[in-house]
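Worksheet: one structure, shown below.
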Amino acid sequence: MRDEIEHIARLLSYDGPTATELIQEAVEKDSKYTVTIQGDITILTIVATLAYSLEVTDVYQYNLEGQLIKQTLTTNGKERTIFDKYKEAKDTLTKMHLRNKKVS
Numbered sequence: 168m169r170d171e172i173e174h175i176a177r178l179l180s181y182d183g184p185t186a187t188e189l190i191q192e193a194v195e196k197d198s199k200y201t202v203t204i205q206g207d208i209t210i211l212t213i214v215a216t217l218a219y220s221l222e223v224t225d226v227y228q229y230n231l232e233g234q235l236i237k238q239t240l241t242t243n244g245k246e247r248t249i250f251d252k253y254k255e256a257k258d259t260l261t262k263m264h265l266r267n268k269k270v271s
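Residue numbering for the sequence shown follows my numbering, starting at 168 and increasing by one per position.
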């Protein structure tokens, strides 16, 4: 249980790459990017065109503290969640709760 709590603490304190770093990288790679704000969330969308005109869209969501909270990747119309800070923390807590419930 201690390992799970440490994992959650590390996860919640994780900052991830900054939006500035990702924008610099996008500019260097000649990718398109947009920044939008929805309430307390800043959304950075980077669209890159790879070989054979394959378009890849990375969407990064940041909280007010500038921490990466979620990243999704879309290719060929299929979206995949790469990272979701709060969902992963919730899932870990749920597993701990269920495991403790079985023990009692």
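All C-beta atoms in this analysis are idealised placements derived from N, C-alpha and C, irrespective of residue type, glycine included.
Annotation: the region 237-271 contains the following complete segments of the beta strand (DSSP E) (minimum length 3 residues), in chain order: 245-251. Secondary structure of aspartate 170 (DSSP, three-state): helix. For aspartate 225, the beta-bridge partners assigned by DSSP are Ile213, Leu240.
The alpha-carbon separation between leucine 235 and valine 214 amounts to approximately 18 Å. In the DSSP assignment, glutamine 234 falls outside any beta strand (DSSP E), carrying neither H nor E. Restricting attention to Ile190, Thr239, Lys254, the CA atom closest to the CA of arginine 247 is found in Thr239. Proximity of the region 243-262 to the region 186-202 falls short of the contact definition, fewer than three beta-carbon pairs being nearer than 8 Å. If you draw a straight line from the Cα of leucine 217 to the Cα of asparagine 243, it comes to about 12 Å.
Residue nearest to isoleucine 208 within the set Arg266, Gly233, His174 is Gly233 (criterion: CA-CA distance).
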